[in-house]
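Chains A and B are the protein sequences, given in the same order.
Read in our numbering, the first sequence has 88 at position 88, and its numbers run on one by one without any break.
Read in our numbering, the second sequence has 283 at position 18, and its numbers run on one by one without any break.
Protein chains: 2
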Amino acid sequence: MKACFPRGSATFVAACPPIARTGLRRSAVPMVERVLSLAPSLSRLPRVTLSGQVAGAMRDAVLSGLFRPGQQMNEADLATRFAVSRGPVREAMQRLVQEGLLVGHPHRGVFVVELTEADLADVYLAREAIEGAALRRIAALPDRAALRLRLAAEAERMAEAVAAENWREVADADLAFHRALVDAAASPRLSRMFDTVQAETRLCLHLLMAGYRSSAELAAEHRRLAALATGDDLAAAQAELGRHLADPIHILRRIGAPGSGASAP
Amino acid sequence: MKACFPRGSATFVAACPPIARTGLRRSAVPMVERVLSLAPSLSRLPRVTLSGQVAGAMRDAVLSGLFRPGQQMNEADLATRFAVSRGPVREAMQRLVQEGLLVGHPHRGVFVVELTEADLADVYLAREAIEGAALRRIAALPDRAALRLRLAAEAERMAEAVAAENWREVADADLAFHRALVDAAASPRLSRMFDTVQAETRLCLHLLMAGYRSSAELAAEHRRLAALATGDDLAAAQAELGRHLADPIHILRRIGAPGSGASAP
DNA sequence: CGCCTCCGGATTGTCAACAATCCTACGATC
DNA sequence: GATCGTAGGATTGTTGACAATCCGGAGGCG
Numbered sequence: 001m002k003a004c005f006p007r008g009s010a011t012f013v014a015a016c017p018p019i020a021r022t023g024l025r026r027s028a029v030p031m032v033e034r035v036l037s038l039a040p041s042l043s044r045l046p047r048v049t050l051s052g053q054v055a056g057a058m059r060d061a062v063l064s065g066l067f068r069p070g071q072q073m074n075e076a077d078l079a080t081r082f083a084v085s086r087g088p089v090r091e092a093m094q095r096l097v098q099e100g101l102l103v104g105h106p107h108r109g110v111f112v113v114e115l116t117e118a119d120l121a122d123v124y125l126a127r128e129a130i131e132g133a134a135l136r137r138i139a140a141l142p143d144r145a146a147l148r149l150r151l152a153a154e155a156e157r158m159a160e161a162v163a164a165e166n167w168r169e170v171a172d173a174d175l176a177f178h179r180a181l182v183d184a185a186a187s188p189r190l191s192r193m194f195d196t197v198q199a200e201t202r203l204c205l206h207l208l209m210a211g212y213r214s215s216a217e218l219a220a221e222h223r224r225l226a227a228l229a230t231g232d233d234l235a236a237a238q239a240e241l242g243r244h245l246a247d248p249i250h251i252l253r254r255i256g257a258p259g260s261g262a263s264a265p
Numbered sequence: 266m267k268a269c270f271p272r273g274s275a276t277f278v279a280a281c282p283p284i285a286r287t288g289l290r291r292s293a294v295p296m297v298e299r300v301l302s303l304a305p306s307l308s309r310l311p312r313v314t315l316s317g318q319v320a321g322a323m324r325d326a327v328l329s330g331l332f333r334p335g336q337q338m339n340e341a342d343l344a345t346r347f348a349v350s351r352g353p354v355r356e357a358m359q360r361l362v363q364e365g366l367l368v369g370h371p372h373r374g375v376f377v378v379e380l381t382e383a384d385l386a387d388v389y390l391a392r393e394a395i396e397g398a399a400l401r402r403i404a405a406l407p408d409r410a411a412l413r414l415r416l417a418a419e420a421e422r423m424a425e426a427v428a429a430e431n432w433r434e435v436a437d438a439d440l441a442f443h444r445a446l447v448d449a450a451a452s453p454r455l456s457r458m459f460d461t462v463q464a465e466t467r468l469c470l471h472l473l474m475a476g477y478r479s480s481a482e483l484a485a486e487h488r489r490l491a492a493l494a495t496g497d498d499l500a501a502a503q504a505e506l507g508r509h510l511a512d513p514i515h516i517l518r519r520i521g522a523p524g525s526g527a528s529a530p
């Protein structure tokens with residue numbers, strides 16, 4: 001989905017120096033040298049365009065919190081930063097607007113989205129809708145053994161990260177776990193919709209809590225979820241998922257203000 | 266959501282003559298004359314840009330079947346048809362790509378999406394996920410009386426259309442019913458996701474069956490759904506919704522080839 | 001005969017400049 | 001003193017031209 005660009009676009013320009021420009025020119029990297037090295041299967045190679053690279057870089061920049069919420073994204077400024085014309089920047093920004101990371105006001109500019117508490121609750125409502133449907137779909141699969149191993153492995157990865165107190169890794173493992181769950185449903189549209197809300201989730205995490213805290217329960221929850229998702233009791237799995245996704249809302253409502261720590265599935 | 270453009274963008278250029286151009290120039294319609302007449306509330310006025318108008322026109326054109334599935338959308342050609350430059354056309358096409366109506370292949374062009382039978386099943390899977398979540402959400406609402414009236418009215422509208430064998434009107438009523446259901450959940454993300462799958466639904470309808478047939482059961486189903494959705498038995502509502510949305514898949518699987526008639530919720 | 005190479009046309013991607021729009025602040029008027 | 005009207009500056013929207021890419025077929029070679 002999402003045209004034919006790779007889903008997890010790599011970081012091309014993480015931090016953008018104001019004047020000095022990093023790579024990202026087609027003259028420097030001839031288009032002919034495709035990214036042959038990391039093509040996983042023998043399907044269509046992902047043609048790379050400047051727009052796509054700029055979109056990826058900007059997505060990473062926004063998700064990493066390099067731009068504050070509500071901040072305006074200046075076209076000309078970004079264009080000079082990336083050493084690119086305004087065209088690709090415009091296209092990239094529009095893509096991120098459609099993904100929900102930016103909001104665009106015609107004739108005024110695009111801004112980093114400001115997610116309210118209501119938005120956070122809505123994000124998790126949408127996630128429950130998507131992941132719940134994925135659970136239902138998974139329950140109808142003939143072979144769930146491979147998925148069980150996969151989810152268990154992700155849960156272990158998270159447990160180790162929690163033990164090592166590597167919160168960045170915890171967040172990644174969390175995202176990977178839920179993505180694996182949704183992708184297992186083999187529904188392009190569920191996966192596509194999940195892409196959007198997962199990006200918003202990352203935005204919430206970074207903007208509202210800036211990391212993971214008090215995550216003792218997290219790994220255990222994911223272990224349970226891995227078992228239930230590939231088990232035979234669909235209702236129990238749904239209930240566990242509901243509890244799991246309701247958690248951050250409760251926590252957020254309890255702590256109220258941002259800055260303090262919180263766990264987030 | 267979706268920036269601040271109106272959701273159901275009106276038809277600006279329904280059929281586009283090859284050379285002679287209809288309106289759609291900013292010189293012809295001074296930007297100052299905003300669409301004050303049909304602004305429902307006193308919120309932000311929707312700024313109109315060429316890109317947005319072109320996107321609306323192209324969306325209508327694709328959904329109305331003016332472009333065959335798989336057909337390439339030529340930028341220059343469309344630009345001359347709309348009497349605009351290629352820039353706005355590019356932006357509009359990218360927007361429709363994100364909406365799932367077109368697919369883009371970098372350096373090759375964008376094409377009208379070709380929905381397979383698997384895609385149709387996937388669309389209805391996604392719809393069940395979204396509308397099921399909406400049902401759950403509605404069940405938690407304090408006051409469902411207004412919604413009950415609204416849904417019942419839509420169901421009646423459909424019943425009359427079925428009686429009159431006005432299949433175009435039946436389709437519109439169907440879309441309106443399900444949109445009202447989802448919007449009642451008051452979840453921006455559910456509504457946003459529903460926008461996309463509903464557009465794909467319309468595409469399916471037009472491309473696979475080109476109209477409604479054998480819809481005797483349709484109105485009754487929607488009446489039941491209206492009652493159950495605003496009733497107290499959530500499980501029953503979910504079950505009815507599942508049956509309702511599974512219908513077209515069964516029918517399509519039975520008839521196999523397109524062209525023959527089918528009902529579609 | 002099949003395959004590879006190369007070329008031409010068509011199409012898309014990108015660029016830099018122009019025009020329209022918006023926001024802010026300043027001054028005039030009541 | 002407050003409100004309205006109006007320039008100024010900055011930003012976005014749009015345009016037309018240039019460059020890169022892809023697809024088709026003609027031609028040569030094994």
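Ideal placement from N, C-alpha and C gives every residue a C-beta, glycine not left out.
Query, Result
"Rounded straight-line distance, which links the Cα of E200/A to that of E340/B", "32 angstroms"
"Min CB distance E160/A to chain B below 8 angstroms", "no"
"Start-end ranges of the beta strand (DSSP E) lying completely within the region 306–335 of chain B, minimum 3 residues", "none"
"Proximity test, Cβ basis, 8 angstroms: M93/A and chain B", "no"
"Beta-carbon gap between L510/B and R392/B smaller than 8 angstroms", "yes"
"Contacts around R415/B, its chain only, beta-carbon distance under 7 angstroms, and the 5 residues preceding and following it disregarded", "A445"
"Selection from Q98/A, D60/A, T230/A that minimises the alpha carbon distance to D143/A", "T230/A"
"Amino acids of chain A, ordered along the chain, whose beta-carbon sits closer than 8 angstroms to that of L390/B", "A133, R137, S187, R189, L190"
"Within-8 angstroms CB hit, E156/A to chain B", "no"
"Buried/exposed call for L141/A, threshold 16 Cβ in 10 Å", "exposed"
"Per-residue DSSP class, three states only, for L493/B", "helix"
"For V447/B and A399/B, believed in contact at Cβ under 8 angstroms, the rounded distance", "5 angstroms"
"Endpoints, the alpha helix (DSSP H) within which V427/B is located", "410–428"
"Complete runs of the beta strand (DSSP E) confined to the region 335–421 of chain B [at least 3 residues]", "367–370, 374–377"
"Counted within 10 angstroms of its Cβ, other Cβ atoms place D122/A as buried (16 or more) or exposed", "buried"
"Element boundaries [alpha helix (DSSP H), containing D498/B]", "Counting along the chain, D498/B falls outside any alpha helix (DSSP H), and DSSP gives it neither H nor E."
"The ligand ATP heavy atom lying under 7 angstroms from the CB of L175/A", "Questions concerning the ligand ATP fall outside what the structure shown contains, since it holds no ligand whatsoever."
"Pick from L366/B, A426/B, A484/B that is closest to D460/B, judged by C-alpha positions", "L366/B"
"Pair within 8 angstroms by beta-carbon distance, G70/A and V110/A", "no"
"Coil, strand or helix - S456/B by DSSP", "helix"
"Environment of S350/B [buried if 16+ CB atoms lie within 10 Å]", "exposed"
"Reduced DSSP secondary structure (H/G/I, E/B, other) of A236/B", "For residue 236/B there is no data in the structure shown, the boundaries of chain B being 266 and 530."
"Near-chain B residues of the region 195–207 of chain A - C-beta to any C-beta below 9 angstroms", "T196, V197, E200"
"Any chain A beta carbon closer than 8 angstroms to E393/B", "yes"
"R26/A versus A83/A - alpha carbon distance", "In this prediction, R26/A has a pLDDT of 36, which is less than 50 and means its spatial position is unreliable; what the coordinates show is noted afterwards. If I take the Cα positions, the gap works out to 11 angstroms."
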